[in-house]
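Data first, discussion second: the structure below is written as structure tokens.
There are 2 protein chains.
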Amino acid sequence: MRGRPREFDPDDAIESAMGVFWTSGYHATSLPELLEATNLSRGSLYAAFGDKHGLFLRALDRYIADSLTRLDADLDPRKDVLDGIQACLARYVERTSGAGAKRGCLIVATAMELGSQDVEVEQRIRRFFKAMEARLTTALERAKSERRLADEVEPSTAARLIMCLLEGMRVVSKTNADRSSSQAVVQALLDRFAK
Amino acid sequence: MRGRPREFDPDDAIESAMGVFWTSGYHATSLPELLEATNLSRGSLYAAFGDKHGLFLRALDRYIADSLTRLDADLDPRKDVLDGIQACLARYVERTSGAGAKRGCLIVATAMELGSQDVEVEQRIRRFFKAMEARLTTALERAKSERRLADEVEPSTAARLIMCLLEGMRVVSKTNADRSSSQAVVQALLDRFAK
DNA sequence: GCATTTTTGGACCAAATGGTCGTCAAATTG
DNA sequence: CAATTTGACGACCATTTGGTCCAAAAATGC
Chain B
56 MRGRPREFDP DDAIESAMGV FWTSGYHATS LPELLEATNL SRGSLYAAFG
106 DKHGLFLRAL DRYIADSLTR LDADLDPRKD VLDGIQACLA RYVERTSGAG
156 AKRGCLIVAT AMELGSQDVE VEQRIRRFFK AMEARLTTAL ERAKSERRLA
206 DEVEPSTAAR LIMCLLEGMR VVSKTNADRS SSQAVVQALL DRFAK
Chain S
56 MRGRPREFDP DDAIESAMGV FWTSGYHATS LPELLEATNL SRGSLYAAFG
106 DKHGLFLRAL DRYIADSLTR LDADLDPRKD VLDGIQACLA RYVERTSGAG
156 AKRGCLIVAT AMELGSQDVE VEQRIRRFFK AMEARLTTAL ERAKSERRLA
206 DEVEPSTAAR LIMCLLEGMR VVSKTNADRS SSQAVVQALL DRFAK
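If you read the protein sequences in the order shown, they are chains B and S.
Per the working numbering, the first sequence starts with residue 56, numbered consecutively.
Per the working numbering, the second sequence starts with residue 56, numbered consecutively.
Structure follows, in structure tokens:
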């Protein structure tokens, strides 16, 4: 027998929970906040996700998946490589300006808060950075083969550099958001690395 | 009348507290942990520092002061500019390798955890980044005037770029520490910006 | 030695924490 | 419809949280 079906959509709940974790971080988010955001009762939440930690992992997975989806869209191999990279950088400029800047990035915040204490989280963060680095490397290798990169620029190193730069922008812009300065930074980067 | 003098050194207590906050973050650090690390009783700690938050601010101030001191040592205007910048970068490579990498950076962690919720913290973090950016800018301007910088490199933009890159390295290396890769990144940076 | 001042340490507190559980409602299936 | 499975809800729980307070001790200055 199937029994009574769920009244709520787990995906919606995860999405809502993600928003709270994103805004407040893991430890600073309390169960009551999660319950209010998801419109769930304690019982339902625990039945569906195990516990706070389990729900957090689901929310983190969602955030990571979204990020990689966007990255893949920007670096679409059917588009012009440099345009793709530029689009990717532009997205980060956008995210490090205005209201979005203050909210920061769930991945960066989680890496710093739990990265070295929670193995399940650590795995996920590590994989994300590996994936991001790999995608950037692929794009840069393509650019290189098309002779669109400055000489002596090694794709995998440049990929790591760009990744670090972008994540660092998210950190700094948490308190020192400045669109034009972010803009100038990525422009300077392109000027130095692209032909 | 003077009354009974303190039995402990507040600076030592701050130092110990800083270590705990550095390892665990603000919210994840409990009073008992702080008491054990500082060897203080509740009463003494509250009399001396007000509350957990007050102690945290003192610890953060200490960490920031130490960081700026090191930066000033590296970028000493009496030394060769490029050597100074190189030393500064090398220090970050060191800090993003091995055990230190997992511990991360208290400033970055705090920026992400409290940067947009705690005004006193926000101020301190903002000032730190401003200070770091200013010092890098000054150094780069000096390099520029000595014609040691690649043409078209604008000091203040490059300073912001380097700062973001370094802080980003601390984020990424929290879970993906790799000395040779950090090394390669800063080398690539220098290759592209210095003459 | 005495009075005063300050520190110390821990008992104590209210509030909030994450988590469990039992009861009732609801939908499905035969 | 009846039986059964499952979900929803909120009361309840032990623990831990950050914080207060007070009695005792210790060092000072007179």
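Glycine is no exception: its CB is placed at the ideal position from the N, C-alpha and C atoms.
Being a predicted model, the structure only gives us computed values, none of them experimental.
The alpha helix (DSSP H) spanning S:SER79 covers which residue range? DSSP places S:SER79 in the uninterrupted alpha helix (DSSP H) bounded by 65 to 79.
Under a Cβ-count criterion, where at least 16 other Cβ atoms within 10 Å of its own Cβ denotes burial, should B:ASP121 be classed as buried or exposed? Result: exposed.
I'd like to know if the segment 151 to 162 of chain S and the segment 138 to 154 of chain B are in contact, where contact means that at least 3 CB-CB pairs between them fall below 8 Å. Between the segment 151 to 162 of chain S and the segment 138 to 154 of chain B, the count of C-beta pairs closer than 8 Å stays below three; the two stretches do not touch.
Anyone know if the C-beta pair for B:PHE76 and B:PHE111 falls short of 8 Å? Taking 8 Å as the Cβ cut-off, B:PHE76 and B:PHE111 qualify as a contacting pair.
Go to S:ASP129, then tell me how far its alpha helix (DSSP H) extends in each direction, as first and last residue. Here the alpha helix (DSSP H) through S:ASP129 covers 107 to 129.
Since S:ALA214 and S:LEU195 are thought to touch, with beta carbons under 8 Å apart, how far apart are those beta carbons, to the nearest angstrom? Contact flag correct, Cβ pair sits at about 5 Å.
Report all residues from its chain with a CB closer than 6 Å to the CB of S:GLU88; omit the five preceding and five following residues, and keep chain order. Within its own chain, the residues whose Cβ lies closer than 6 Å to the Cβ of S:GLU88, once the five positions on either side in sequence are excluded, are VAL75, listed in chain order.
Where DSSP assigns a beta bridge to S:ALA205, which residues make up the other side? Paired residue(s): none; S:ALA205 is not in a bridge.
DSSP-derived helix/strand/coil call for B:ALA213: Judged by DSSP in its simplified three-state form, B:ALA213 adopts helix.
Buried or exposed, going by whether 16 or more other CB atoms sit within 10 Å of the CB of S:ALA212? Note on residue identity: the sequence assigns Thr, not Ala, to residue 212 of chain S. In this structure S:THR212 is buried. Its beta-carbon is surrounded by 16 or more other beta-carbon atoms within 10 angstroms.
I'd like the span of the alpha helix (DSSP H) that includes S:GLN178, first residue to last. Boundaries of the alpha helix (DSSP H) around S:GLN178: 174 to 200.
State whether the segment 184 to 198 of chain B contacts the segment 215 to 231 of chain S, with contact taken as three or more CB pairs (one from each stretch) at a distance under 8 Å. Cβ pair count under 8 Å is three or more, so yes.
Cut-off 7 Å between Cβ atoms - residues of its own chain near B:GLU175, not counting five sequence neighbours on either side: Within the same chain, B:GLU175 has close Cβ partners LEU112.
Please identify the residue among S:ARG61, S:PRO65, S:ILE69 and S:ILE217 whose C-alpha is closest to the C-alpha of S:LEU144. Considering only alpha carbons, the answer is S:ILE217.
Given S:GLY170 as reference, the closest of B:ALA72, B:LEU221 and B:THR78 once Cα atoms are compared: When B:ALA72, B:LEU221 and B:THR78 are compared, the shortest CA-CA separation from S:GLY170 is found for B:THR78.
Partners in chain S for B:ARG181, counting only beta-carbon separations shorter than 7 Å: The contacting residues are THR230 and ASN231.
How would you list, in chain order, the residues of chain S whose beta-carbon sits under 7 Å from the beta-carbon of B:THR212? Correct list: ALA239, VAL240 and ALA243.
Where B:GLU177 meets chain S, residues with beta-carbon distance less than 9 Å: Within 9 Å Cβ-Cβ: LYS229 and THR230.
Could you check whether B:ARG117 and B:MET73 sit closer than 8 Å to each other, using their CB atoms as the reference points? Yes, Cβ-Cβ distance for B:MET73 and B:ARG117 is below 8 Å.
Can you list the residues of chain B that S:MET167 reaches, using a CB-CB cut of under 9 Å? Within 9 Å Cβ-Cβ: GLY80, GLY159, CYS160, VAL163, ALA164, THR165, ALA166, MET167, GLU168, ARG225, VAL226 and LYS229.
Mark B:ASN231 as exposed unless 16 or more other C-beta atoms lie within 10 angstroms of its C-beta, in which case mark it buried. Burial call: buried.
Do B:ARG197 and B:ALA249 have their beta-carbon atoms positioned less than 8 Å apart in this structure? 8 Å or more divides the Cβ of B:ALA249 from the Cβ of B:ARG197.
Of the residues S:ASP233, S:ALA83 and S:SER237, which one's Cα is nearest the Cα of B:LEU220? Restricting attention to S:ASP233, S:ALA83 and S:SER237, the CA atom closest to the CA of B:LEU220 is found in S:SER237.
Below 8 Å on the Cβ atoms is my guess for B:GLU207 versus S:ASP206; work out the distance and round it to an integer in Å. Beta-carbon to beta-carbon, B:GLU207 and S:ASP206 are separated by about 17 Å, too far to satisfy the 8 Å threshold.
6 Å CB neighbourhood of B:THR84 in its chain, flanking five on each side removed: Cβ within range, chain order: VAL75 and PHE76.
So the candidates are S:VAL148, S:VAL136 and S:GLY223; which of them puts its Cα closest to the Cα of S:VAL241? Ranking the options by Cα distance to S:VAL241, first place goes to S:VAL148.
Would S:LEU86 and S:LEU161 be called neighbours here (beta carbons separated by less than 8 Å)? No, they are not a contact pair.
Which residues bound the alpha helix (DSSP H) around B:SER236? 234 to 248 is the extent of the alpha helix (DSSP H) around B:SER236.
Tell me the DSSP secondary structure of S:GLU62 in three-state form. Secondary structure at S:GLU62: coil, using DSSP grouped into helix, strand and coil.
Residues of the segment 196 to 222 of chain B with Cβ closer than 8 Å to any Cβ of chain S, in chain order: Listed by position, the residues of the segment 196 to 222 of chain B near chain S (Cβ gap below 8 Å) are ALA205, GLU207, VAL208, GLU209, THR212, ALA213, ARG215, LEU216, MET218, CYS219, LEU220, LEU221 and GLU222.
Inter-residue spacing [alpha-carbon to alpha-carbon] between B:GLU168 and S:GLU168: Going by the C-alpha atoms only, they are around 7 Å apart.
On the three-state DSSP scale, how would you describe S:LYS251? Since the first residue of chain S shown is 56 and the last is 250, residue 251 of chain S is not available in this structure.
Looking at chain S, is there any beta carbon in it that lies within less than 8 Å of the beta carbon of B:TYR97? In the sequence on display, residue 97 of chain B carries Arg and not Tyr. Taking 8 Å as the threshold, the shortest C-beta distance from B:ARG97 to chain S does not fall below it.
Note down, in chain order, each residue of its chain lying with its Cβ closer than 8 Å to the Cβ of B:LYS199, except the 5 sequence neighbours on either side. Taken in chain order, the residues that qualify are VAL208 and PRO210.
To be precise: take each residue of the segment 106 to 118 of chain B, compare its Cβ to all Cβ atoms of chain S, and keep it if any distance is under 8 Å. Which residues remain? Hits within the stretch: zero.
Rounded straight-line distance, which links the Cα of B:ASP66 to that of S:ASP131: Between S:ASP131 and B:ASP66, the C-alpha separation is close to 54 Å.
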